[in-house]
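Read the structure below first, then the notes.
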Amino acid sequence: MADNPLEAICTTIGRISASVQSNLSKLISIPQNPTAPTNLQVSLSTSAPPTSTASAGSYLPQPTDPHTKQAGPVTREELGRATWTFIHTLGAQYPEKPTRQQKKDVKELMAIISRIYPCKECADHFKEVLRSNPVQAGSQAEFSQWLCRVHNVVNRSLGKPTFPCERVDARWGKLDCEHRMCDLQGSMTPFD
1 MADNPLEAIC TTIGRISASV QSNLSKLISI PQNPTAPTNL QVSLSTSAPP TSTASAGSYL
61 PQPTDPHTKQ AGPVTREELG RATWTFIHTL GAQYPEKPTR QQKKDVKELM AIISRIYPCK
121 ECADHFKEVL RSNPVQAGSQ AEFSQWLCRV HNVVNRSLGK PTFPCERVDA RWGKLDCEHR
181 MCDLQGSMTP FD
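This is the structure:
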C-alpha cells in the first residue's frame, strides 16, 4: 500500500480523465495526441483564413460542412451526450462478475459525477435520481440495465423520448477491440 491514501483517488481520476478525453476527442474528431504533427485546418471565425498547421493545444476545427457547428464552448446538450456515451460504454465493458472493488468504484463514480458535473442543475438532478435509484452494479447486465433506466428518468424529465432498455446491448454493446484489450481490468488493490 502506498504512503499517500490520496494516490488511489488521483490514479482513478487520471484514468477517468483519460477515458473522458478519449471519448470527447472521438466525439468532436480531435486527434488524441496533441503533440503529434497535424494538418488540421483551424480558424477563429468564418472570415479569418485558415492556418496550415494547428499548434499544440489550439485545436479549433474549420468546418467543411455548412451544417457543422462552429468550434466554441461545449453546450450542455453536447456535454450530456458525451457523458452518457462514456457511462453507457463503461456499462457495456463492465464485467459480468465484477470484483468488490469494481462495484465500489462504479458506485463512487456515479456519486462523483453527481458532485462535480460541470452543469450544476444537471448535477443536482442526478443526485436526486441516484437517491431514488441506487446504483445496481452486481453484473454487466444489471449495471447496463440500471444505466438505461436512469437515463430514461433523465430523458423523461427533459421531455425527451425514452430508450427501450431491452435493446441496450444492441445500442451500447462491447467495444470491438482485438484480444479483449477493452475489457475492464481491476483488482482488489487500489494502486495497480
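full-length UniProt numbering numbers the first residue of the sequence shown as 1 and each following residue consecutively.
Glycine residues also receive a C-beta, built at the ideal position from the N, C-alpha and C atoms.
Taken atom to atom, the span from the alpha-carbon of V135 to that of G159 is near 23 Å. S139 places its beta carbon less than 8 Å from that of E96. Its Cα nearest to that of Y117, the residue T83 stands out among L147, F143, P98 and T83. A Cβ-Cβ distance of about 10 Å is found for the pair M110 and L90, leaving them out of contact under the 8 Å criterion. Per DSSP, F86 is one residue of the alpha helix (DSSP H) stretching across R76 to Q93. In the DSSP assignment, E108 falls within the alpha helix (DSSP H) that extends over R100 to I116.
For A137, the closest alpha carbon among the candidates V74, Q101 and L79 is that of Q101.
Cβ contact annotation for V150 (same chain, cutoff 7 Å, sequence separation greater than five): V129 and N133, in chain order. Assigned with DSSP and collapsed to three states, A141 falls in helix. By the 16-neighbour rule on beta-carbons within 10 angstroms, A170 is exposed. Under the three-state reduction of DSSP, F163 is assigned to coil, being neither helix nor strand. The closest CA to that of V74, considering only E108, C119 and T85, is found on C119.
Here the C-alpha atom of K127 lies approximately 16 Å from the C-alpha atom of C148. The Cβ atoms of S144 and A92 sit closer than 8 Å to each other. An exposed status is given to P164, since fewer than 16 other beta-carbon atoms sit within 10 Å of its beta-carbon.
For E96, there is no enclosing alpha helix (DSSP H), as DSSP marks it with neither H nor E. Taking C-beta atoms under 8 Å as the contact rule, G80 and C122 qualify, at a distance of about 7 Å.
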